[in-house]
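*Asks:*
Chains as they are written, first to last, in this note's numbering: chain A, 1 to 265; chain B, 266 to 612.
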């Protein structure tokens, strides 16, 4: 299972948002999309998920263009995991996960025993069976993120697109969610996530795609792409990188924080 | 959150509904006992069997013919219509709340009620009565919602917000038409007729009215029951629903169509009955949770039961019948306040 984006461009009216973006994501790998706010990450994801039609180029899953696919067909190949949100209605966790199985069902049917088993299995694999009958609105942000991952697993698609899975979570929950993401990749899922945390991206990804103003500025392994120059360019802040633990982790710190403070006075 | 099992609640509600139906039929100024009720119904059954060629059965007549005709042509149609209207308004309210991701949505969100009011007022102004008024209300109700959909779908930005805004605007436009009709209507007979219709009442329900309302109601109720699981996904928003394999536009259109059909049929048969479509689904949510698979049947049963009881009060409390629309608002608003203050997780 692989996803390839080929020369994809998108514009809202005359304003280009994405220009000539190409990359590939493979089973068993985590691909992290880095870029400042407004770089086009969300638009890229919308195009990949068939929610927006690109102005040029295409997204292929195993050689097939997603633009021509029906929602039910596409949802069996690629699943979307939004940021943990607060829906209007308070579904139980089990119901929330069961919603992922909808594409397998006939138009007029509700999930049955088989779907229930899939949902329970997904909950068990993530170790959150105890949340099954809780209200989704009453659990913590980290737990919600895990529930949404379980929902994507119940959807049985092998490509998972995650919108900043660890954003707005505390330190511990962030680690738990990212460990889960890594584990899913080891189990053969292809994972594409957006993130605002370069250090975390370095640690957990196999491949990095850096976007700036809708264009790819770097694409490759974290080791070869994530250097001081790239991070400085992406976020507009001069940084200095520290390679820690035999380069298993890299930490980027802003260089002239003090200088900036002085100039403001 | 779920407190009792869904099947227990469903059975309890069904039993309560049947018992209340029997009670409602016997209640009234002109007394009809349960025994006479059974007798008249059995007599009808025997007549039907004889019609089919089965003879020899006999029921001893213990009732007067006035009781029989009162029961068959007035009380039974009326209680049946009360159940249908209550169930439909609640089901439609629950559906709209899901489609518009808004717990404050009610069946008249897209102008179904104001359209029906205009249609009824227009028909009364032009000298129509009974069936003409009902038909005109039904058609104008559907037309209004169609107009709202047309305008709302052309709005830029978020589809759901566009539809809601279009609903408010078109409703207001149509209501001004109704006000104008009231202004020019003959104050001796037409104006009171319009005013009375607008207050909502099940008074004078004929068997024919029930039959005409039943057709669109059946289509809508069956449709909503078939689609009810998928309404859950619509509540999460368009994009999320689509990534889970739902054709959002088609599904939303189908749900709105079914919900509008049953709202239009209800309002045209009974006039404006407010609050049921907003309050009852929330009571349902408290009982069985937010999953539409359970919520839809529960809401409909609760709505049927509620309106049946309110109608009993409306025709038995005072010597003069109180229009049911007044009572539902009178009971609905405080009840809703009670619901939202009891647990804080409603909104």
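Heads up, the beta-carbon is just placed ideally off N, CA and C, and yes, glycines get one too.
Could you spell out the range, first to last residue, of the alpha helix (DSSP H) harbouring residue 186 of chain A?
*Replies:* For the purposes of this step, residue 186 of chain A is taken as residue 186 along the first chain, with counting starting at 1. 171–186 is the extent of the alpha helix (DSSP H) around residue 186 of chain A.
*Asks:* Is residue 372 of chain B close to chain A, meaning its C-beta is less than 8 Å from at least one C-beta of that chain?
*Replies:* For this step, residue 372 of chain B is matched to residue 107 along the second chain. Not closer than 8 Å to any Cβ of chain A, the Cβ of residue 372 of chain B fails to qualify, so no.
*Asks:* For residue 30 of chain A, count neighbouring Cβ atoms within 10 angstroms of its own Cβ and tell me buried if that reaches 16, exposed if not.
*Replies:* Walking along the first chain from the start, residue 30 of chain A turns up at place 30. Buried.
*Asks:* Quick one: does residue 20 of chain A have its CB under 8 Å from some CB of chain B?
*Replies:* The count along the first chain starts at 1 and reaches residue 20 of chain A at position 20. Not closer than 8 Å to any Cβ of chain B, the Cβ of residue 20 of chain A fails to qualify, so no.
*Asks:* Is there at least one Cβ from chain B nearer than 8 Å to residue 153 of chain A's Cβ?
*Replies:* For the purposes of this step, residue 153 of chain A is identified with residue 153 of the first chain, where counting begins at 1. So, not an interface residue.
*Asks:* Tell me which residue opens and which closes the beta strand (DSSP E) that residue 3 of chain A is part of.
*Replies:* If you number the first chain from 1, residue 3 of chain A lands on position 3. Note, residue 3 of chain A: beta strand (DSSP E), 2–12.
*Asks:* Please determine if the stretch 554–568 of chain B and the stretch 476–495 of chain B are in contact, where contact requires at least 3 C-beta pairs separated by less than 8 Å.
*Replies:* Output reads yes: the stretch 476–495 of chain B touches the stretch 554–568 of chain B.
*Asks:* Considering just the uninterrupted stretch of the alpha helix (DSSP H) at residue 485 of chain B, what are its terminal residues?
*Replies:* For this step, residue 485 of chain B is matched to residue 220 along the second chain. 472–499 is the extent of the alpha helix (DSSP H) around residue 485 of chain B.
*Asks:* Looking at C-alpha atoms only, which residue of A:170, A:231, A:12 is the closest neighbour of residue 242 of chain A?
*Replies:* Position 242 of the first chain, counted from the start, is the residue given in the question as residue 242 of chain A. If we check each option's Cα against that of residue 242 of chain A, A:231 comes out closest.
*Asks:* For the ligand SAH, any of its heavy atoms closer than 7 Å to the Cβ of residue 281 of chain B?
*Replies:* Judged by which ligands are present, the structure shown has none, so any question about the ligand SAH falls away.
*Asks:* For the stretch 307–329 of chain B, which residues have a beta carbon sitting closer than 7 Å to at least one beta carbon of chain A?
*Replies:* Cβ contacts with chain A come from no residue of the stretch 307–329 of chain B.
*Asks:* Using the beta-carbon of each residue, which ones in chain B are nearer than 9 Å to residue 79 of chain A?
*Replies:* Along the first chain, read from residue 1 onward, the residue named residue 79 of chain A stands at position 79. 508, 509, listed in chain order.
*Asks:* For a contact meaning CB atoms closer than 8 Å, what does residue 556 of chain B contact in chain A?
*Replies:* One-based indexing of the second chain puts residue 556 of chain B at position 291. Within chain A, the residues near residue 556 of chain B are 91, 92, 95.
*Asks:* Less than 8 Å between the beta carbons of residue 346 of chain B and residue 467 of chain B, yes or no?
*Replies:* Within the second chain, the letter at position 81 stands for residue 346 of chain B. Within the second chain, the letter at position 202 stands for residue 467 of chain B. Yes; because the gap between Cβ atoms is below 8 Å, this pair is in contact.
*Asks:* Beta carbon of residue 410 of chain B, beta carbon of residue 359 of chain B: below 8 Å?
*Replies:* Here the question's residue 410 of chain B lines up with position 145 in the second chain. Here the question's residue 359 of chain B lines up with position 94 in the second chain. Taking 8 Å as the Cβ cut-off, residue 410 of chain B and residue 359 of chain B do not qualify as a contacting pair.
*Asks:* Quick check on residue 509 of chain B: does DSSP put it in helix, strand or coil?
*Replies:* Residue 509 of chain B sits at position 244 when you count from the first residue of the second chain. In the structure shown, residue 509 of chain B sits in coil (DSSP, three-state: anything other than H, G, I, E or B).
*Asks:* Give the secondary structure of residue 588 of chain B by DSSP, where H, G and I count as helix, E and B as strand, and everything else as coil.
*Replies:* In the second chain, the residue the question calls residue 588 of chain B occupies position 323. Reduced to three states, the DSSP call for residue 588 of chain B is coil.
*Asks:* Report yes or no: do three or more beta-carbon pairs, one from the stretch 458–473 of chain B and one from the stretch 534–554 of chain B, lie closer than 8 Å?
*Replies:* The stretch 458–473 of chain B, when compared against the stretch 534–554 of chain B, does touch it at the 8 Å Cβ threshold.
*Asks:* Let me know the secondary structure DSSP gives residue 243 of chain A once reduced to three states.
*Replies:* In the first chain, residue 243 of chain A corresponds to position 243, counting from 1. DSSP places residue 243 of chain A in strand when its eight states are reduced to three.
*Asks:* DSSP state of residue 255 of chain A, grouped into three classes?
*Replies:* Position 255 of the first chain holds residue 255 of chain A. Three-state DSSP puts residue 255 of chain A in coil, outside helix and strand.
*Asks:* Looking only at its chain, what residues have a beta carbon closer than 6 Å to the beta carbon of residue 48 of chain A, apart from the 5 residues adjacent to it on each side?
*Replies:* Taking the first residue of the first chain as 1, we reach residue 48 of chain A at position 48. Here the set comprises 59.
*Asks:* Less than 8 Å between CB atoms is the rule here; does residue 68 of chain A satisfy it with respect to chain B?
*Replies:* To locate residue 68 of chain A, count along the first chain from 1; it is residue 68. No, its Cβ sits nowhere closer than 8 Å to a Cβ of chain B.
*Asks:* Within the 8 Å Cβ cut-off, does residue 100 of chain A reach chain B?
*Replies:* Taking the first residue of the first chain as position 1, residue 100 of chain A is located at position 100. Interface residue, yes.
*Asks:* Pull up the DSSP beta-bridge partners for residue 373 of chain B, would you.
*Replies:* Mapped onto the second chain, residue 373 of chain B falls at position 108. DSSP output for residue 373 of chain B lists no bridge partner at all.
*Asks:* Quick check on the burial criterion: 16 or more other C-beta atoms within 10 angstroms. Buried or exposed for residue 205 of chain A?
*Replies:* The sequence position of residue 205 of chain A within the first chain is 205, counting from 1. Buried, by the Cβ-count rule.
*Asks:* In chain order, which continuous runs of the beta strand (DSSP E) of length 3 or greater are located wholly inside the stretch 524–582 of chain B?
*Replies:* Qualifying beta strand (DSSP E) stretches: none in this window.
*Asks:* With DSSP run on the structure shown, which of helix, strand or coil describes residue 266 of chain B?
*Replies:* Numbered from its first residue, the second chain carries residue 266 of chain B at position 1. Confidence at residue 266 of chain B is low in this model, with a pLDDT of 43, below 50, so its placement is unreliable and the value that follows should be read with caution. Residue 266 of chain B falls in the coil class under three-state DSSP.
*Asks:* Is residue 17 of chain A helix, strand or coil by DSSP?
*Replies:* In the first chain, residue 17 of chain A corresponds to position 17, counting from 1. Reduced to three states, the DSSP call for residue 17 of chain A is strand.
*Asks:* Look at the Cβ atom of residue 425 of chain B, then the Cβ atom of residue 365 of chain B, and state whether they are nearer than 8 Å.
*Replies:* Along the second chain, one-based indexing puts residue 425 of chain B at 160. Along the second chain, one-based indexing puts residue 365 of chain B at 100. Contact: yes.
*Asks:* Have a look at residue 603 of chain B and residue 493 of chain B and give me their C-alpha separation to the nearest angstrom.
*Replies:* Mapped onto the second chain, residue 603 of chain B falls at position 338. Mapped onto the second chain, residue 493 of chain B falls at position 228. Each residue's alpha carbon lies about 28 Å from the other.
*Asks:* Determine the burial state of residue 12 of chain A: buried for a count of at least 16 other Cβ atoms within 10 Å of its Cβ, exposed for fewer.
*Replies:* Numbered from its first residue, the first chain carries residue 12 of chain A at position 12. Residue 12 of chain A is exposed by the Cβ-count criterion.
*Asks:* Is it the case that the stretch 314–332 of chain B contacts the stretch 380–389 of chain B, given that we only count it when at least three CB pairs across the two stretches are under 8 Å?
*Replies:* Judged by Cβ distances under 8 Å, the stretch 380–389 of chain B makes no contact with the stretch 314–332 of chain B, as fewer than three pairs qualify.
*Asks:* Report all residues from its chain with a CB closer than 7 Å to the CB of residue 165 of chain A; omit the five preceding and five following residues, and keep chain order.
*Replies:* Here residue 165 of chain A refers to the residue found at position 165 of the first chain. Closer than 7 Å at Cβ, skipping near neighbours: 81, 145, 177, 181, 193.
*Asks:* At the 8 Å Cβ level, is residue 49 of chain A part of the contact set with chain B, yes or no?
*Replies:* As a first step, residue 49 of chain A must be located in the first chain, where it is residue number 49. So, interface residue.
*Asks:* I want to see whether chain B comes within less than 8 Å of residue 5 of chain A, judged by CB atoms only; does it?
*Replies:* In the first chain, residue 5 of chain A corresponds to position 5, counting from 1. So no, residue 5 of chain A is outside the interface.
*Asks:* Output needed for residue 580 of chain B: all residues of its chain with C-beta closer than 6 Å, excluding positions within five of it in sequence on either side, in chain order.
*Replies:* Position 315 of the second chain, counted from the start, is the residue given in the question as residue 580 of chain B. So the list reads 586, once near-sequence residues are dropped.
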